[in-house]
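Q: Under my numbering, the residue at position 313 of the sequence shown is numbered 454, and the numbers go up by one with no gaps.
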Amino acid sequence: MTSVRPPRTIMSFALLCALVSATGVAYGRARALPRVVELTITAAPTRLSLVPGGTTEVLAYNGQVPGPTLEFREGDHVVIHFRNRLAEATTIHWHGLHIPAASDGSPMDPVKPGGNHDYVFDILPGAAGTYWYHPHPDGRTGYQVAMGLFGALIIRAADDPIASIPEKLILLSDNRFTPRGVVDLPAEGSPQEEVDEVNGREGNVLFVNGQVMPTIAIRSGEVQRWRIINASAARVYRLALEGHEFLQVGTDGGLFEHPVPVRELVLANGERAELLVRATGAPGSRAVLRTLPYDRYVPQTRPADWNVPRDLLTLQVSDDAPVAALTIPARLRPIPALDTTKVTARRFIVFSQGMINGKMMDMHRVDERGRLGATEIWQVENLVGMDHPFHLHGFQFQLLDRNGVPEPFRAWKDMVNVRKHETARFVVRFDDYAGMWMYHCHILDHEDHGMMGILEVTPTRR
Ligand SMILES: [Cu+2]
């Protein structure tokens, strides 16, 4: 039995950081300078055993799959020295982070094979949450993620109201293997490739932190905070823990205002969630976290086993006596509403199969032009009979409604899974960081085939 072992964490900043928490003088008063976090990430081919019984060629960040878990604090100044030792161009995209466009790792800024690039950004107040990082090169994102390039990124706040609750990272991914344990990519022109291009590539093996069916230990009555990331290329998880309810406390951009009880959680690829899980089972009992059937497919390519629940991990309740109940704060943090009366632009994004607004991605074409400081409403309409998860780079937004039904509460999101024939609307404010920003379907095969557009945010004229 294996226990849930999060990927190795780059926390030992003392070893890696150039400078930590110096102090300075500003306006005659002592003030703390930002902590500078400096680290090196290398993407390179190597061989690893991802499933028992075989080794496979992989592409890995710092030699591991998933890549190291990065942890930053609000206020940090981050410098990442990236070294591309792959045989092809790549980038690192910091999914969900509100940082300058030049450090976003978009397909417009490829790092050549053998090349190096420094990603430099500040972690702003209010950014605490669960994020992830992955390559975003033009047309090759699906391949590079399938080969092993992805990792978790956690930002912590000094005033986190539930910081004392023990925490587990649950980084979900899936992959397809040959019987010898080699990563199985479809041959060019094969029927499997055609299916993957429609559905997005799904794997036959489901991983939690790179492990198959690991165990999380818990004590009866104990509450744990689970940070869940869906790093799959296309798979949508519908999570349920037998005999348990969850308290959802957060999503893509961090904590909610209030905890929300949920029996199950649909998490589309690219999305994150924070759940509080209280072990209600007796000492010595166990429960399985499963993904339940979720029909995101068109009927023509829906997998034959789509309606089979899949096990993800075992929650093992220890033999120790139950612990006393924990009081969960009713208020987590305020989320100010973006002011929809200040909206200066409305944008209409229409998904058809493989296209956005009838067009394929063109790196030399700006599709939408916005102004720094503007508040905008975006309407994303899905014309087709399969889900397309929408992702906007660089900015967190607030979902307003789906098919005209208002969202029940406010939250910061960078993803919205636009379901079959659904229309979703969100409000976003371009408070900082002019530049070119991608928006796209996060099914990696769709994104690679051009289901992506470019938003240019320009500084306001003075
Ligand atoms: Cu799509």
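All C-beta atoms in this analysis are idealised placements derived from N, C-alpha and C, irrespective of residue type, glycine included.
Between methionine 501 and ligand 1, is there a pair consisting of the residue's CB and a ligand heavy atom that are separated by less than 7 Å?
A: Every heavy atom of ligand 1 is 7 Å or more from the Cβ of methionine 501, so no.
Q: Is the beta carbon of proline 302 sitting closer than 8 Å to the one on leucine 473?
A: Yes, the pair counts as a contact, with Cβ atoms nearer than the cut-off.
Q: Let me confirm a value: alanine 478 is counted as buried when at least 16 other C-beta atoms fall within 10 Å, else exposed. Which label applies?
A: Per the 10 Å Cβ criterion, exposed.
Q: With a Cβ-Cβ cutoff of 8 Å, do isoleucine 490 and valine 521 count as a contact?
A: Yes; because the gap between Cβ atoms is below 8 Å, this pair is in contact.
Q: Who pairs with tryptophan 235 in a beta bridge, going by DSSP?
A: According to DSSP, tryptophan 235 bridges with Tyr274.
Q: With hydrogens ignored, establish whether the beta-carbon of methionine 592 is closer than 7 Å to any heavy atom of ligand 1.
A: For ligand 1, at least one heavy atom lies less than 7 Å from the Cβ of methionine 592.
Q: Would asparagine 345 be called buried (16 or more neighbouring beta carbons within 10 Å of its own) or exposed?
A: Asparagine 345 should be labelled exposed.
Q: Give the DSSP-derived three-state secondary structure of glutamate 363 in the structure shown.
A: Looking at glutamate 363 - three-state DSSP - the assignment turns out to be coil, as it is neither helix nor strand.
Q: Excluding the five sequence neighbours on either side, which residues of its own chain have a C-beta within less than 6 Å of the C-beta of asparagine 257, listed in chain order?
A: For asparagine 257, where only same-chain residues beyond five positions count, the Cβ hits under 6 Å are Arg224.
Q: Could you have a look at valine 418 and say whether DSSP puts it in helix, strand or coil?
A: Strand.
Q: In the DSSP assignment, what are the bridge partners of lysine 483?
A: In the DSSP output, where bridge partners are listed per residue, lysine 483 has none listed.
Q: Comparing the CB of isoleucine 140 with every heavy atom of ligand 1, is any distance shorter than 7 Å?
A: Outside the displayed range of the chain (142 to 603) lies residue 140, so it cannot be described from this structure.
Q: What number of angstroms, rounded off, separates the C-alpha of proline 475 from the C-alpha of glycine 576?
A: Straight-line Cα distance between these residues: approximately 29 Å.
Q: Is the number of C-beta pairs between the segment 325 to 336 and the segment 386 to 393 that are closer than 8 Å three or more?
A: Taking 8 Å as the limit for Cβ pairs, the verdict is that the segment 386 to 393 does not touch the segment 325 to 336.
Q: Which runs of the beta strand (DSSP E), 3 residues or longer, sit entirely within the segment 485 to 564?
A: The qualifying runs are 509 to 512, 516 to 523, 529 to 533, 538 to 543, 556 to 559.
Q: What's the call for methionine 152, buried or exposed, on a 16-neighbour Cβ count within 10 Å?
A: A caution first: methionine 152 carries a pLDDT of 43, below 50, which makes its placement in the model unreliable, though a value can still be read off. By the neighbour-count rule (16 or more Cβ atoms within 10 Å), methionine 152 is not buried but exposed.
Q: In this structure, does DSSP put glycine 391 in helix, strand or coil?
A: In this structure, glycine 391 counts as strand in the three-state DSSP scheme.
Q: Label threonine 601 either buried or exposed according to how many other C-beta atoms from any shown protein chain fall within 10 Å of its C-beta, with 16 as the threshold for buried.
A: Exposed is the call here.
Q: Alanine 298: which of Gln285, Gly270, Leu313 sits nearest, CA to CA?
A: If we check each option's Cα against that of alanine 298, Gly270 comes out closest.
Q: Proline 186 lies in the beta strand (DSSP E); which residues open and close that run?
A: 177 to 189 is the extent of the beta strand (DSSP E) around proline 186.
Q: Please classify histidine 583: is it buried, with 16 or more other beta-carbons within 10 angstroms of its beta-carbon, or exposed?
A: Counting Cβ neighbours within 10 Å, histidine 583 comes out buried, since at least 16 surround it.
Q: Should isoleucine 236 and tyrosine 272 be called a contact, given that it needs their Cβ atoms to be closer than 8 Å?
A: Sequence inspection shows histidine at residue 236; the isoleucine mentioned does not correspond to that position. Cβ atoms of histidine 236 and tyrosine 272: closer than 8 Å.
Q: How big is the Cα-Cα spacing for threonine 183 and alanine 304?
A: So the alpha carbons of these two residues sit roughly 31 Å apart.
Q: For glycine 283, report the span of its alpha helix (DSSP H) as first-last.
A: Residues 282 to 287.
Q: Is the beta carbon of histidine 529 within less than 7 Å of some heavy atom of ligand 1?
A: At least one heavy atom of ligand 1 is nearer than 7 Å to the Cβ of histidine 529, so yes.
Q: Does DSSP put proline 400 in a helix, in a strand, or in coil?
A: Proline 400 falls in the strand class under three-state DSSP.
Q: Quick check: the segment 584 to 601 against the segment 505 to 518, are at least 3 beta-carbon pairs closer than 8 Å?
A: In short, these stretches touch, since the Cβ pair count reaches three.
Q: Which whole-angstrom value is the C-beta distance of arginine 427 and valine 458, which I expect to be below 8 Å?
A: The Cβ separation is near 6 Å, so the contact holds.
Q: Is the beta carbon of histidine 534 within less than 7 Å of some heavy atom of ligand 1?
A: Histidine 534: no, Cβ never under 7 Å from ligand 1.
Q: Identify whether aspartate 325 lies in helix, strand or coil by the three-state DSSP scheme.
A: Aspartate 325 falls in the coil class under three-state DSSP.
Q: From glycine 208 to glycine 289, what does the alpha carbon distance come to, in whole angstroms?
A: Answer to the nearest angstrom: the Cα atoms are 8 Å apart.
Q: Determine contact between the segment 486 to 501 and the segment 522 to 532, defined as no fewer than three beta-carbon pairs at a distance below 8 Å.
A: Cβ pair count under 8 Å is three or more, so yes.
Q: Pick from Tyr574, His587, Gly594, Arg366: whose alpha carbon is nearest that of alanine 243?
A: Residue Tyr574 is the option with its Cα nearest to alanine 243.
Q: Using alpha carbons as the reference points, say which of Leu380, Asn203, His590, Gly194 lies closest to threonine 319.
A: Of Leu380, Asn203, His590, Gly194, the residue nearest in Cα terms is Gly194.
Q: Please report the Cβ distance between isoleucine 359 and alanine 445, rounded to the nearest whole angstrom; I am assuming they are in contact, meaning their Cβ atoms lie under 8 Å.
A: Isoleucine 359 to alanine 445, Cβ: 35 Å. No contact.
Q: Quickly, what does DSSP pair tryptophan 578 with across the bridge? List them, please.
A: Leu596, per the DSSP bridge assignment.
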